[in-house]
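The block underneath contains the structure these notes are about, expressed in structure tokens.
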Amino acid sequence: MANFLPLPAERFARQRLHALARVEGKGDGRPIVLFLCVHNAGRSQMALGFFTHLAGEHAVGRFGVRR
Numbered sequence: 016m017a018n019f020l021p022l023p024a025e026r027f028a029r030q031r032l033h034a035l036a037r038v039e040g041k042g043d044g045r046p047i048v049l050f051l052c053v054h055n056a057g058r059s060q061m062a063l064g065f066f067t068h069l070a071g072e073h074a075v076g077r078f079g080v081r082r
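Numbering-wise, the numbering used here comes out as the position in the sequence shown, counting from 1, plus 15.
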């Protein structure tokens, strides 16, 4: 498990910094889409993958798990 910790930590920090920049009016203007899954079944990650593939650089996608 320790081998996989840096990636989620880096992603979390990057997403928070992007959100903070957007709130402060320093965002890049691209729409942000949030995918949530309530069962932690991986659906939000799959939806994010499809979205990222189709949207490319035109929009930003995020995923989360409701606990």
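We treat Cβ as the ideally placed atom computed from N, Cα and C, and that holds for glycine.
The beta carbon of residue 59 lies closer than 8 Å to those of 50, 51, 52, 78, 79 and 80 in the same chain, with the five residues before and after it left out.
According to the DSSP assignment, residue 64 belongs to the alpha helix (DSSP H) that extends over 58–70.
Collapsing the DSSP output to three states places residue 48 in a strand. DSSP, read as helix, strand or coil, puts residue 38 in helix. Between the alpha carbons of residue 27 and residue 33 lies a gap of roughly 10 Å.
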